[in-house]
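Following our numbering, the numbering of the sequence shown begins with 18 at its first residue and continues without gaps.
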Amino acid sequence: MVSRTNKFRGSRYHGRGKKAGRGAGKRGGRGNAGINKHRLMTRLKYMPGHLGMFGFNRHPSLRSINVSINVQEVQNLTDGDSIDLGEAGYDKLLGKGRIDRAVHITVAEASARAIEKVEAAGGSVSIGDDDDDRGEWEEE
Numbered sequence: 018m019v020s021r022t023n024k025f026r027g028s029r030y031h032g033r034g035k036k037a038g039r040g041a042g043k044r045g046g047r048g049n050a051g052i053n054k055h056r057l058m059t060r061l062k063y064m065p066g067h068l069g070m071f072g073f074n075r076h077p078s079l080r081s082i083n084v085s086i087n088v089q090e091v092q093n094l095t096d097g098d099s100i101d102l103g104e105a106g107y108d109k110l111l112g113k114g115r116i117d118r119a120v121h122i123t124v125a126e127a128s129a130r131a132i133e134k135v136e137a138a139g140g141s142v143s144i145g146d147d148d149d150d151r152g153e154w155e156e157e
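Next comes the structure, spelled out in structure tokens:
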């Protein structure tokens, strides 16, 4: 019996016709084409959870993004003995690094480790509110 490949020797189109097989015709489409039609079982078996929406995104007005600075950077930033990080554009003081001189820092938020390091060096941290009433609701 002659093999299938040998049957196509001398043939220009190998049994597909003149235009069949151009583009992605013999592959069942490109990419995820047919994922809800003829490749349905492939999607169900190998891509569970492929369709649909998951999770949620908060509205940008409800997101709170802190601009933080570390204790080490504060020491390099200030020349005197006090600094207001709110005026410098920072919201939160974090405790990475070392501080070896007394600095009085005013900031909206600070981590416990940062406060501990600043006070150990002889300085102080005063936490001020920015009149941010996101947690409280008023009835109108």
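Note that the Cβ used here is the ideal one computed from N, Cα and C, for glycine as well. Here the structure is a predicted model, which means the values were calculated and not measured.
Note the first and the last residue of the continuous beta strand (DSSP E) segment covering residue i.
| i | result |
| --- | --- |
| Lys109 | Lys109 to Leu111 |
| Val120 | That residue, Val120, is in no beta strand (DSSP E); it is neither H nor E in DSSP. |
| Asp101 | Ser99 to Asp101 |
| Ile144 | Ser141 to Ile144 |
What are the start and end residues of the alpha helix (DSSP H) that includes residue i?
| i | result |
| --- | --- |
| Val135 | Ala129 to Ala137 |
| Lys35 | Neither: Lys35 is in no alpha helix (DSSP H) and is coded neither H nor E. |
Starting from the Cα of residue i, find the closest Cα among the options and give me that residue.
| i | options | result |
| --- | --- | --- |
| Asp108 | Gly139, Thr22 and Asn83 | Asn83 |
| Leu102 | Gly38, Val88, Lys113 and Lys24 | Val88 |
| His121 | Gly27, Arg21 and Gln92 | Gln92 |
| Lys113 | Ala129, Asp98, Gly34 and Thr123 | Ala129 |
| Ile86 | Arg80, Thr95, Leu79 and Ser78 | Thr95 |
| Ile52 | Lys134, Gly42 and Leu68 | Leu68 |
| Glu104 | Arg118, Leu111, Thr123 and Asp117 | Thr123 |
| Gly97 | Pro77, Leu110 and Ala119 | Ala119 |
Determine which residues share a DSSP beta bridge with residue i and list them.
| i | result |
| --- | --- |
| Glu126 | Lys109 |
| Val19 | Looking at the DSSP assignment, Val19 forms no beta bridge with any residue, so it has no partner. |
Taking 8 Å as the threshold (beta carbon to beta carbon), is residue i in contact with chain C?
| i | result |
| --- | --- |
| Asn74 | No chain C appears in the structure shown, which is made up of a single protein chain. |
Would you say residue i and residue j are within 8 Å of each other, going by their C-beta atoms?
| i | j | result |
| --- | --- | --- |
| Ile144 | Ala125 | yes |
| Gly45 | Arg56 | yes |
Subject >> Complete beta strand (DSSP E) runs within the segment 61-96 (minimum length 3 residues, chain order) >> reply: Listed in chain order, they are 85-87.
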